[in-house]
Amino acid sequence: TVRGAVSIARRLMDPLAELVKIDPKSIGVGQYQHDVDQAKLKKSLDQTVENCVNQVGVNLNTASSHLLTYISGLGPQLAQNIVPYRAANGAFASRKELMKVPRMGAKAFEQCAGFLRIAGGENPLDNTAVHPESYGIVQQMAKDLSCTVPQLIADKSLRTRIEMEKYITPTVGLPTLKDILQELDKPGRDPRDTIQVFEFDRNVRTINDLREGMTLPGIVSNITNFGAFVDIGIKENGLVHLSQLANRFITDPTEVVSIHQHVTVKVLSIDLERKRIQLTMKEE
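Heads up, the sequence shown is in the numbering used here, so the first residue is 1154 and it goes up one at a time.
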């Protein structure tokens, strides 16, 4: 459908903003998801989505109210207040402007500011995960190096000259300073590395193309208590039995694999009549 095609295109542009529209339970989170307490499952899944959104951060000038509800400190009411304020007053130029949003208090601002990004704003630090309360530290670092904050962000050689011990205080420890420098190394809102494009074996189109001993790339599609099913690019998924997941003894498949993990498997046997494929991940 056109709607589905648009959703796929939006996932390419901004995966997180599009995927939060989907109920996490609809994605499929495990074999027994309908057998557990649904209230506890919903709470756990919502918490996972919230953690992901806050880890990545959102663009304050493009985020929907639905996406903003997952930001710590906002909630549905403040998220809904931000969007009409933005529509009436134009794009946010700085994080400080958030304080003009109706019902935005100092505590809510303190909790949410570090997770909201403003690209091309008045302060380049507004497009990083550095919290406004730490801006002074970065400004002092720049001053000590006789440069501006934008120059400090742009020039890695300047950042290597920073002596972090000089900026440790009773309220700001070394771990916080390391986080700040790490964010300056990669400003923006996406902490993920460059994705590796996955490809199935192009020579394998159907189960009839398989041969015992073949080594193939695959993706873990489901995990059970007796092993893991792996998508190898054909209609039928192959099974890696618990005993074939690792060279060592394991009692739980999740010790070795996770859903959607990229793996390399070897074909042990093929049952054409029953359409079953036995695989192994053991190393020789």
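Cβ atoms here follow ideal geometry from the backbone N, Cα and C, with glycine treated the same way.
Residue i: CB within 7 Å of a non-hydrogen atom of the ligand MG
i: T1368; result: The ligand MG is absent from the structure shown, which contains no ligands of any kind.
Opposing strand residues paired with residue i [DSSP bridges]
i: S1197; result: Answer by DSSP bridge pairing: none, since S1197 is not bridged.
i: Q1458; result: Nothing about residue 1458 can be reported from this structure: the residues present for the chain run from 1154 to 1437 only.
i: R1270; result: N1212
Start-to-end residues for the alpha helix (DSSP H) that takes in residue i
i: N1234; result: 1228-1242
i: I1161; result: 1155-1166
i: A1259; result: 1259-1265
i: V1291; result: 1288-1297
i: K1331; result: 1327-1338
i: V1373; result: Per DSSP, V1373 belongs to no alpha helix (DSSP H); it is in the beta strand (DSSP E), 1368-1377.
i: V1410; result: Here V1410 belongs to no alpha helix (DSSP H), and DSSP marks it neither H nor E.
i: S1100; result: Only positions 1154 to 1437 of the chain appear in this structure, which leaves residue 1100 out of reach.
i: P1303; result: 1302-1307
CB-CB length for residue i against residue j, believed under 8 Å
i: L1398; j: V1410; result: 7 Å
i: L1269; j: V1211; result: 6 Å
i: I1385; j: V1350; result: That belief does not hold up - the Cβ atoms of I1385 and V1350 are roughly 17 Å apart, past 8 Å.
i: L1198; j: K1174; result: Not a contact, Cβ separation roughly 14 Å.
i: V1383; j: G1371; result: 4 Å
i: A1266; j: L1278; result: A1266 to L1278, Cβ: 11 Å. No contact.
i: A1261; j: L1227; result: 7 Å
Proximal residues to residue i (C-beta, below 8 Å), its chain only, five neighbours per side dropped
i: Q1293; result: Y1320
i: E1171; result: S1160, R1163, R1164
i: L1169; result: C1205, V1206, V1209, V1211, L1220
i: N1400; result: K1435, E1436
Same chain, Cβ closer than 7 Å to residue i, five either side skipped, listed in chain order
i: I1412; result: V1373, I1376
i: E1336; result: T1281, A1282, V1283
i: R1358; result: I1387
i: N1204; result: none
i: K1196; result: none
i: F1353; result: P1370, I1385, G1386
Residue range of the beta strand (DSSP E) that includes residue i
i: K1174; result: Premise fails: K1174 is in no beta strand (DSSP E) and is neither H nor E.
i: K1319; result: Careful: K1319 lies outside any beta strand (DSSP E) and carries neither H nor E.
i: K1419; result: 1415-1424
i: V1383; result: 1380-1384
Own chain residues within Cβ distance below 6 Å of residue i, not counting five before or after
i: I1214; result: The amino acid at residue 1214 is misidentified as Ile; the sequence shows Asn. Excluding residues within five positions, the ones whose Cβ falls inside 6 Å are A1244, F1245.
i: Q1233; result: S1218
i: M1317; result: L1330
i: P1255; result: N1234
i: T1368; result: K1419
i: I1290; result: Y1320
Any contact between the stretch 1285-1299 and the stretch 1216-1226? By contact I mean 3 or more CB pairs, one from each, below 8 Å. In the pairwise beta carbon analysis, the stretch 1285-1299 is classified as not touching the stretch 1216-1226: fewer than three pairs are separated by under 8 Å.
Could you say if the stretch 1297-1309 and the stretch 1361-1368 meet the contact criterion of at least three C-beta pairs nearer than 8 Å? no
Pairs of beta-carbons, one from the stretch 1426-1433 and one from the stretch 1383-1396, closer than 8 Å: are there three or more? Yes, the stretch 1426-1433 touches the stretch 1383-1396.
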